[in-house]
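Worksheet: the structure to be examined is printed underneath.
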Amino acid sequence: MSEQSDRGPLPIPLPPVGEGEVVSPAGDAKKIRIATCSLAGCFGCHMSLLDIDERLFGLIKLVEFDRTPLTDIKHCGPCDVGIVEGGVCNAENVHVLKEFRNTCKVLVAIGACAINGGVPAMRNNIDLWECFQEVYQYEGGLDGGQVPNDPELPLPFDKVHPIYEVVRVDYFLPGCPPSGDAIWKFLTDLLNGREPKLDYEMLHFD
Amino acid sequence: MSKTITIDGLTVPFREGQTIMDAALSAGVYIPHLCHNPEFKPHGSCKLCTVNVNGRNVASCTLPAVEGQQVLSDIAELNAERLALTQMLFVEGNHLCPACEKSGNCQLQAVAYYLGMMSPHYNHFYPQREADASHPDVMLDRNRCIYCELCVRASREVDGKNVFGLSGRGIKTILAVNSASGLLGDTDLAVTDKAVQVCPTGAILVKRRGFTVPIGQRVFDHLTIKDLQTGGGHE
Ligand code: SF4
Ligand code: SF4
Ligand code: FES
Numbered sequence: 593m594s595e596q597s598d599r600g601p602l603p604i605p606l607p608p609v610g611e612g613e614v615v616s617p618a619g620d621a622k623k624i625r626i627a628t629c630s631l632a633g634c635f636g637c638h639m640s641l642l643d644i645d646e647r648l649f650g651l652i653k654l655v656e657f658d659r660t661p662l663t664d665i666k667h668c669g670p671c672d673v674g675i676v677e678g679g680v681c682n683a684e685n686v687h688v689l690k691e692f693r694n695t696c697k698v699l700v701a702i703g704a705c706a707i708n709g710g711v712p713a714m715r716n717n718i719d720l721w722e723c724f725q726e727v728y729q730y731e732g733g734l735d736g737g738q739v740p741n742d743p744e745l746p747l748p749f750d751k752v753h754p755i756y757e758v759v760r761v762d763y764f765l766p767g768c769p770p771s772g773d774a775i776w777k778f779l780t781d782l783l784n785g786r787e788p789k790l791d792y793e794m795l796h797f798d
Numbered sequence: 461m462s463k464t465i466t467i468d469g470l471t472v473p474f475r476e477g478q479t480i481m482d483a484a485l486s487a488g489v490y491i492p493h494l495c496h497n498p499e500f501k502p503h504g505s506c507k508l509c510t511v512n513v514n515g516r517n518v519a520s521c522t523l524p525a526v527e528g529q530q531v532l533s534d535i536a537e538l539n540a541e542r543l544a545l546t547q548m549l550f551v552e553g554n555h556l557c558p559a560c561e562k563s564g565n566c567q568l569q570a571v572a573y574y575l576g577m578m579s580p581h582y583n584h585f586y587p588q589r590e591a592d593a594s595h596p597d598v599m600l601d602r603n604r605c606i607y608c609e610l611c612v613r614a615s616r617e618v619d620g621k622n623v624f625g626l627s628g629r630g631i632k633t634i635l636a637v638n639s640a641s642g643l644l645g646d647t648d649l650a651v652t653d654k655a656v657q658v659c660p661t662g663a664i665l666v667k668r669r670g671f672t673v674p675i676g677q678r679v680f681d682h683l684t685i686k687d688l689q690t691g692g693g694h695e
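Chains as they are written, first to last, in the numbering used here: chain A, 593 to 798; chain B, 461 to 695.
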């Protein structure tokens, strides 16, 4: 799963939880803590995570969720695995991404946007101001519209970047989105202490 | 007795005048390649087909086979270099596969799958490249061009038209169109031309054919590029 590259294997191996099927760890063994977020993404990868369907029940016996769009926890505590959807398109994305890198032992880039910018990166060859004007001012039915300029809004970047251009990433799970089966294969490999590996038909850039 | 070379220990026969790539393809041995297409004279630019011959790394699509050559191809070191070359092709263009009509049928993407490319690894250039929609039936999107010159060769050698050419050098290379305006619509390119069919990526596309084949039924959804190009079956 990690390429034959400078990106090493798991920095701290996760406890093995048996071979093959995910099995419940004996007694009250510590659960694996997972955080997830969507930066410049569409939440499609999160939807695909839910596509593992009833296997979620098995998963939930093994893991507990920290900061995710599902839990409404605002900041990450120490986690075993951080899963990041979406690329980096503004200053807030960088803060969140760095928080994930700092608090998660293993950082996973999930989906095309986290890995190469994806569809949001289609704006990379358009001047940012022209792009905003088109969207907020010139588009039909927007008479009197203006480009939002509230100080609360995060500063947008002129280009969208994949997350590995900002922080070190341990594993990549491509797809737009990766299928529920691919996510399941990846997670079960990781939770079982195996080097995650996708079958040919699960590896997709689209 | 026919002459032979060995590729990864396998004895492979060849005819006089064949390259190592020709011999490999005839024997059903896959050496990854992008700028090579057996219907055309070799170009030798992508270097993906680099093999080790008697201790030296050379492009197998241009090197003639010679009796007794010991060729190494499917080894970790060479596959790592092929992966790096493929990743560089991704970052020096704009390859947003989810929005590309060629996805699933694209040789660049298929080679990346074959080599197990999980990310483009390098920093993206996000270069500024022009698309050309001026032709009624053919779309040219330079964002996806890998400069293999297959369209250039096909237009010259098969179509007898000379519609395409590379201009500029190094990272400034662009795929030029030979018309006064520089636009595809002002050339005599026809949708039936070989130049339109031969592009390994989504740089040259026939209009109004996008996404006609559903996901799951596209060329590389189940078949690897190795299977396809060596006539092998689905493993
Ligand atoms: S040309 Fe191939 S690699 Fe490039 S965006 Fe299209 S499908 Fe992806
Ligand atoms: S347009 Fe296609 S065939 Fe022509 S040089 Fe580019 S990638 Fe090769
Ligand atoms: S296939 Fe030989 S250099 Fe491209």
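Each residue gets a CB set at the ideal place from its N, CA and C atoms; glycine is no exception.
All of these numbers come straight from a predicted model, not from anything done at the bench.
Checking 8 Å against the spacing of the C-beta atoms, do residue 655 of chain B and residue 623 of chain B come in under that value? Looking up residue 655 of chain B in the second sequence gives position 195. Looking up residue 623 of chain B in the second sequence gives position 163. Contact flag set, yes.
Is there contact between the stretch 474-483 of chain B and the stretch 601-620 of chain B, where contact requires at least three CB pairs shorter than 8 Å? By the Cβ rule, the stretch 474-483 of chain B does not count as touching the stretch 601-620 of chain B, because fewer than three pairs are nearer than 8 Å.
Chain A residues whose Cβ lies nearer than 7 Å to that of residue 684 of chain B: Here residue 684 of chain B is taken as the residue at index 224 of the second sequence, counted from 1. 792, listed in chain order.
Residues proximal to ligand 1 by C-beta, any heavy atom closer than 5 Å: Qualifying residues, in the order they occur: B/555, B/557, B/560, B/562, B/563, B/566, B/568, B/569, B/604, B/661 and B/662.
For residue 685 of chain B versus residue 611 of chain B, is the C-beta distance shorter than 8 Å? For the purposes of this step, residue 685 of chain B is taken as the residue at position 225 of the second sequence. For the purposes of this step, residue 611 of chain B is taken as the residue at position 151 of the second sequence. Against a cut-off of 8 Å, the Cβ pair of residue 611 of chain B and residue 685 of chain B comes out as no contact.
Quickly, what does DSSP pair residue 656 of chain A with across the bridge? List them, please. For the purposes of this step, residue 656 of chain A is taken as the residue at position 64 of the first sequence. For residue 656 of chain A, which the question treats as bridged, DSSP gives the partners A/625.
Could you check whether the Cβ of residue 528 of chain B sits closer than 7 Å to any heavy atom belonging to ligand 4? As far as ligands go, the structure on display features ligand 1, ligand 2 and ligand 3 and does not contain ligand 4.
I'd like to know whether the C-beta atoms of residue 658 of chain A and residue 693 of chain A end up nearer to each other than 8 Å. If you number the first sequence from 1, residue 658 of chain A lands on position 66. If you number the first sequence from 1, residue 693 of chain A lands on position 101. No, they are not a contact pair.
Please say whether residue 728 of chain A and residue 711 of chain A have beta carbons closer to each other than 8 Å? Looking up residue 711 of chain A in the first sequence gives position 119. Looking up residue 728 of chain A in the first sequence gives position 136. The answer is no: Cβ separation not under 8 Å.
Is residue 712 of chain A helix, strand or coil when you go by DSSP? The sequence position of residue 712 of chain A within the first sequence is 120, counting from 1. Here residue 712 of chain A sits in helix by DSSP.
Which residues of the stretch 485-512 of chain B have a Cβ closer than 7 Å to any Cβ of chain A? Give them in chain order. none
Report buried or exposed for residue 682 of chain B, applying the criterion of at least 16 other Cβ atoms within 10 angstroms of its Cβ. Residue 682 of chain B sits at position 222 when you count from the first residue of the second sequence. With fewer than 16 other Cβ atoms within 10 Å, it is exposed.
Just the Cα atoms here: how many angstroms apart are residue 769 of chain A and residue 477 of chain B? Mapped onto the first sequence, residue 769 of chain A falls at position 177. Mapped onto the second sequence, residue 477 of chain B falls at position 17. Rounded to the nearest whole angstrom, the CA to CA distance from residue 769 of chain A to residue 477 of chain B is 47 Å.
Can you tell me which of the three DSSP states residue 493 of chain B falls into? Within the second sequence, the letter at position 33 stands for residue 493 of chain B. Residue 493 of chain B: coil per DSSP, three-state reduction.
CB contact flag (residue 479 of chain B, residue 520 of chain B, <8 Å): Translated into the one-based positions of the second sequence, residue 479 of chain B becomes position 19. Translated into the one-based positions of the second sequence, residue 520 of chain B becomes position 60. Against a cut-off of 8 Å, the Cβ pair of residue 520 of chain B and residue 479 of chain B comes out as a contact.
Residue closest to residue 609 of chain B, alpha-carbon to alpha-carbon, out of B/512, B/475 and B/657: Against the second sequence, residue 609 of chain B aligns to sequence position 149. Measuring from the Cα of residue 609 of chain B, the nearest candidate turns out to be B/657.
Along the stretch 583-602 of chain B, where does the CB come closer than 9 Å to a CB of chain A? Name the residues. 583, 584, 586, 587, 588 and 589
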